[in-house]
Structures are given as structure tokens and as C-alpha cells.
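Undergrad: My questions all concern the structure below.
There are 2 protein chains.
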Amino acid sequence: MTGLKIDEVAKQSGLTKRTIRYYEQIGLLSSPPRSEGGFRLYSEDHVNFLKKITNAKEVMGFSLAELQEFIKLSDMLELQRHDYRKVKGTELQKEKLEKVFHTVEEQLKLLEQKKKNILKVESDLVSLRDRAQAALIRFEEEK
Amino acid sequence: MTGLKIDEVAKQSGLTKRTIRYYEQIGLLSSPPRSEGGFRLYSEDHVNFLKKITNAKEVMGFSLAELQEFIKLSDMLELQRHDYRKVKGTELQKEKLEKVFHTVEEQLKLLEQKKKNILKVESDLVSLRDRAQAALIRFEEEK
DNA sequence: ATACAGGTTAACCTTTACGTCAACGTAACC
DNA sequence: GGTTACGTTGACGTAAAGGTTAACCTGTAT
């Protein structure tokens, strides 16, 4: 009985209902429990998750597939932390961990670059704004 | 005879030849002069322009249509600065200028927000990295 | 002079990330 | 108990941003 219905989640997350169902369909969002009649019943966690991934999507320009990658990795790490035995005996996992580590480091470097790029665009926009302002002032002068 | 051929521009800009031609086709990139035989001959300016807009595209998440808007506005302002008479007598232009100014201001605010969002993602990535590292260390310990 | 790398247009194809119905079930309200 | 609002799946549509291919032309290297 408890839980948010999809319309509420849509409002809180800023996504459309269609998008939310779609994310579930492609396995990006975990399927929430259903009510008797079959309605999806979401928790706050779902909402936070959606906010988080839309943010990451926008910031990093990640595709939904890339998002899935990261989420999978993150979940695996969470799982390993709680259940040590899952790790033992599988030497393959170590390579994977190293790859994760590497990938994330690269993403972090990319973020640094992205910050610099933002500054470039910002200065372009500022100069555009200033030129617009200058043109406006010229208008006033020759009224 | 002078000028870069499209393959060189592709290498320098990081775009594909197809994309460069496509940008010209939709009017985003100005048509370069051609050689006798019909080859496109680009200047450094073209390359810089491409770098600039791909950056803006990525940073702001602009669509190609939006990019066109901004370029058109920027060009108009450039033109007005050099030829005052283009401005006089057209009171409509003032509204347009004010709109430009407003739009750009909004974009700048959006950029501020974007910076904050980057920090959020960054901290998520850092925590992911740290967890990966911790898992790696556990590996070493129980070798 | 001929081979081969790289250029040209035009047409068609693809993927991503949803939007938009249609047809139907459910919950809430009066 | 009937209307109305909201939920469900499924199928189809689509806009953006190129990729791909074909059929042909150009330039240059041997």
C-alpha cells in the first residue's frame, strides 16, 4: 500500500512517466514492487537514484548504456564489500577491479578537462553578453 | 592551392569527414572555397570554429540547431559593431537584442548550476574509485 | 599511364531515447 | 454504480546526428 505512484515519481524526478518505465524496461532502474492491481510502487530511493543518474547523464554526457555500466560496477563493489567470499578464488575479478579503477580515474580526468571547457564556453558567453549590452547602449544613445 | 583538405581538418578537429560535410550541409559551418577539381579547402579558422562549437556542444548539451542560433546571434552582433547603419531604423532589433541578452544570462546561470552538478558527480566518482581501491587492497591482503 | 589514396554527391540505413496512440484495467469520488 | 483520473502493456512513430555504400572524380607517386 505504501510507496509512490509513477506520477509522483515523475514530478519529483523531472522525468516523464514514459521515461521512467523505459528506464525500467532497459534494466537501468530496478523494478519496483507492485500493488494488488499492478501499479508500480516506488520508494524514495528510486527517486534519488533517478535524480542521480539524470545528473550524471547530463554532466558526463553518458549514454544510458554507459550509465548502466557504471551502475553495474558500483553495485558489484557494494556487493563485495558486504560479502567477502564472493571475491575469493576468482582471480579474474582482480583484473576487472583494476580496469574499473582505471576507467574511473579516466573519467575523473575527463571531469577536470570538462571544468576547463566550461570556463572557455563561459568566457565566450560573457563576451557575447557584453557585446549585446554594448549594442543596446548604442541604441539608447542614438534614440 | 592553399588550404587544408577535409581529412586533415577531420584529424585536427576530431570530427569525421561525414560530420564536417554534414555541418556544412545544415549551414552550421560556412562552405569553404573549392579547388579546381572541387575539393574543399579549409582554413585554420574553420578548424578553430569546429573545435569551438564541438566544445560548446558538449559542455552545454546544445543541439546543432541551438548552436546555429547562437552563432547567428554572435554574427549579427559582430556585423552591427562594424556597420552601425544596419541597426538604425529597425526598432524591432532592440527587442531582439534584449532577448539575446536575456538568453545568454540564462545560459550563464545554467553554467553555474552545471559546475555544481559536476562537483556532485565528481564526488560520486571519487567514492567509486575509493571503493575499488579498497577492494583491491583486500585482494592483496588475502593473497 | 596506371595505380591508388583520398575527394565528391546522393541515397539510404541506423541508433538512441524517448513520444504517442490504442485498448484496457484500477482506484477514487460523488 | 457510473464517471473520471490514473495505471498497464504493446506497437508504432520520430527527430537528431551522423554511418554506410555506391558510383564517380582528382591528384600524386611510381
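Going down the list, the protein sequences come from chains A and E. Just so we're aligned, residue 1 is where the first sequence starts under full-length UniProt numbering, counting upward by one. Just so we're aligned, residue 1 is where the second sequence starts under full-length UniProt numbering, counting upward by one. Where is the CB? At the ideal position from N, CA and C, for every residue including glycine.
Tell me which residues of the UniProt domain "HTH merR-type" (3-73) of chain A have at least one Cβ-Cβ distance to chain E shorter than 9 Å, keeping chain order.
TA: Correct list: Lys52, Asn55, Ala56, Glu58, Val59, Met60, Gly61, Phe70 and Leu73.
Undergrad: With DSSP as the reference, label Met28 (chain A) as helix, strand or coil.
TA: Here residue 28 (chain A) corresponds to residue number 28 of the first sequence, with the count starting at 1. Just to set this straight, residue 28 (chain A) is Leu in the shown sequence, not Met. Leu28 (chain A): coil per DSSP, three-state reduction.
Undergrad: In chain E, which residues lie less than 8 Å from Glu98 (chain A) when you measure between Cβ atoms?
TA: Start at 1 with the first residue of the first sequence, and residue 98 (chain A) comes out as number 98. The answer, in chain order, is Leu136.
Undergrad: Is it true that the stretch 4-14 of chain E meets the stretch 113-122 of chain A, where meeting means three or more beta-carbon pairs spaced less than 8 Å apart?
TA: Taking 8 Å as the limit for Cβ pairs, the verdict is that the stretch 113-122 of chain A does not touch the stretch 4-14 of chain E.
Undergrad: Go ahead and label Leu92 (chain E) buried or exposed: buried means 16 or more other beta carbons lie within 10 angstroms of its beta carbon, across all protein chains shown.
TA: Translated into positions along the second sequence, residue 92 (chain E) becomes position 92. Confidence at Leu92 (chain E) is low in this model, with a pLDDT of 48, below 50, so its placement is unreliable and the value that follows should be read with caution. Answer is exposed; the Cβ neighbour count stays below 16.
Undergrad: So what's Leu97 (chain A) in DSSP terms, helix, strand or just coil?
TA: Here residue 97 (chain A) refers to the residue found at position 97 when the first sequence is read from its first residue. Here Leu97 (chain A) sits in helix by DSSP.
Undergrad: What did DSSP end up calling Leu4 (chain A) once you bin it into helix, strand or coil?
TA: The count along the first sequence starts at 1 and reaches residue 4 (chain A) at position 4. Leu4 (chain A) falls in the strand class under three-state DSSP.
Undergrad: Starting from Asp75 (chain A), follow the alpha helix (DSSP H) in both directions and report where the run begins and ends.
TA: Translated into the one-based positions of the first sequence, residue 75 (chain A) becomes position 75. Where Asp75 (chain A) is concerned, the enclosing alpha helix (DSSP H) stretches over Leu64 to His82.
Undergrad: What number of angstroms, rounded off, separates the C-alpha of Phe62 (chain A) from the C-alpha of Asn55 (chain E)?
TA: In the first sequence, counting from the first residue as 1, residue 62 (chain A) sits at position 62. In the second sequence, counting from the first residue as 1, residue 55 (chain E) sits at position 55. Distance between the alpha carbons of Phe62 (chain A) and Asn55 (chain E) is about 16 Å.
Undergrad: Does the CB of residue 147 (chain E) have a neighbour CB from chain A at under 7 Å?
TA: Examination of residue 147 (chain E) is not possible in this model, given that chain E is present from 1 through 143 alone.
Undergrad: Against Glu105 (chain E), what residues of chain A qualify as contacts under a CB-to-CB distance less than 7 Å, listed in chain order?
TA: In the second sequence, residue 105 (chain E) corresponds to position 105, counting from 1. Ordered by position in chain A, the residues that pass the 7 Å Cβ test against Glu105 (chain E) are Arg129.
Undergrad: Can you round the beta-carbon distance between Ala132 (chain E) and Phe39 (chain A) to whole angstroms, since I take them to be within the 8 Å contact cut?
TA: Position 132 of the second sequence, counted from the first residue, corresponds to residue 132 (chain E). Position 39 of the first sequence, counted from the first residue, corresponds to residue 39 (chain A). No, Ala132 (chain E) and Phe39 (chain A) are not in contact; Cβ-Cβ is about 38 Å, not under 8 Å.
Undergrad: So if DSSP puts Arg34 (chain E) in a beta bridge, which residue, or which two residues, is it bridged to?
TA: Start at 1 with the first residue of the second sequence, and residue 34 (chain E) comes out as number 34. DSSP output for Arg34 (chain E) lists E:Arg40 as bridge partner(s).
Undergrad: With 7 Å as the threshold, decide whether the Cβ of Lys94 (chain E) is near any Cβ in chain A.
TA: If you number the second sequence from 1, residue 94 (chain E) lands on position 94. Closer than 7 Å to some Cβ of chain A, the Cβ of Lys94 (chain E) qualifies, so yes.
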